[in-house]
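Numbering-wise (the UniProt record's numbering), the sequence shown opens with residue 1 and increments by one.
These notes are about the structure you will find just below.
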Amino acid sequence: MAIPDDAAVIARYSIGDDESLAGAITAAFRRADVDPYERDTTLDDWVDCDSLSELSWDSNEALCVSTEVWDHPTAITADAVTVYAPTDR
């Protein structure tokens, strides 16, 4: 998924050194006032955190995974999770 150039950032969460990717994504959404535990779907319905954790995040290549989570464009890098305003459908 490509994040639109005019997408508004509503939360950015820095990933801690020993923090799981699932925990970081959940924390980013809580920062964006989206309670993951009150959704009809789970994080696993939107993204495979186990597969993402297998990526070489510490390589010399800058990695960024863009996807949609709970109708919000979301960018995941080695350092942070960024949540954008929901897209119009």
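Where a beta carbon is used, it is the ideal one built from N, C-alpha and C, also for glycine.
Keep in mind it's a predicted model, so treat the numbers as computed, not measured.
Let me know the secondary structure DSSP gives residue i once reduced to three states.
i	result
Arg39	coil
Thr26	helix
Ser53	helix
In terms of alpha-carbon separation, which member of the options lies closest to residue i?
i	options	result
His72	Ala62, Trp57, Asp58 and Thr26	Thr26
Tyr13	Asp5, Thr41, Gly23 and Asp6	Gly23
Asp58	Asp79, Tyr84 and Val83	Asp79
Gly16	Glu61, Val65 and Ala28	Ala28
Asp35	Val47, Glu61, Val69 and Leu63	Val69
Are residue i and residue j close, meaning C-beta to C-beta below 8 Å?
i	j	result
Thr74	Thr87	no
Distance, Cα to Cα, residue i vs residue j?
i	j	result
Thr42	Ala7	24 Å
Any chance the region 46 to 57 sits against the region 1 to 8, with 3 or more Cβ pairs inside 8 Å? no
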